[in-house]
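K.L.:
For what it's worth, the UniProt record's numbering labels the leading residue of the sequence shown as 1, then goes sequentially. Heads up, the beta-carbon is just placed ideally off N, CA and C, and yes, glycines get one too. I am attaching a structure below and will ask some questions about it afterwards.
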Amino acid sequence: VTNIFHRVLLKRLVRHANYPSCEQIAFKQNAYAVGVRRAHELISRPGVHAVSLDTKKALNSLPRAEVVRALNEAGVPKVLIDYIRNFLDLRHSKDVKCEVCGVPQGDPLSMFLFCMAIERLLRRLEERGITFLA
């Protein structure tokens, strides 16, 4: 039941939120093809270097406060933020020592919440002239 509810909630969150920058493609139609094409465009430029970053246990190590902050900044209604905060606070991870970290892997909301939370970091990179593809 929670899984179905979170799919419905995800559709509403995407509509309410000032969705992450255009360089975050996780929720775009044909995301894989878009990513391959965009990556090819970026690395074809002269003087461009590519870096791949894979954060170990990224979803489990994400501070929940960053998720809530990102949702607030994106204009998500308070009632939805309160639900998500409660949902996150009621989960626990044995793998991570941070008790206030993590979004559940496999939940329909997880990738969206992760993308929203890292948006501030990606915008800072963009402000410094660093092009990214996430």
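Let me check one thing: in DSSP terms, what residues is proline 63 bridge-paired to?
P.N.:
Cys101.
K.L.:
Here's a check: name, in chain order, each residue in its chain whose Cβ is nearer than 8 Å to the Cβ of residue 172, leaving out the five neighbours to either side.
P.N.:
Not covered by the structure: residue 172. The range shown for the chain is 1 to 134.
K.L.:
Are the Cβ atoms of proline 77 and leucine 10 separated by less than 8 Å?
P.N.:
Their beta carbons are not under 8 Å apart, which means proline 77 does not touch leucine 10 by this criterion.
K.L.:
Within a Cβ cutoff of 6 Å, which residues of the same chain sit near isoleucine 25, ignoring the five residues on either side of it in sequence?
P.N.:
Same-chain partners within the cutoff: Ala31, Val34, Gly35.
K.L.:
Under three-state DSSP, which class holds leucine 13?
P.N.:
Leucine 13: helix per DSSP, three-state reduction.
K.L.:
Please tell me whether proline 63 and cysteine 101 are closer than 8 Å, where the distance is taken between their beta carbons.
P.N.:
The answer is yes: Cβ separation under 8 Å.
K.L.:
Would the beta-carbon of valine 103 fall within 8 Å of that of leucine 80?
P.N.:
No. Outside cutoff.
K.L.:
Just the C-alpha distance for arginine 69 and alanine 39, rounded to the nearest angstrom, thanks.
P.N.:
Each residue's Cα considered, the two are about 29 Å apart.
K.L.:
Between Leu13, Arg7, Val67, Leu42, which lies nearest to isoleucine 118 when the distance is taken from Cα to Cα?
P.N.:
Among Leu13, Arg7, Val67, Leu42, the Cα nearest to that of isoleucine 118 belongs to Val67.
K.L.:
So which of Asn3, Phe5, Val14, Ile4 has the shortest CA-CA distance to methionine 116?
P.N.:
Methionine 116 has its Cα closest to that of Val14, out of Asn3, Phe5, Val14, Ile4.
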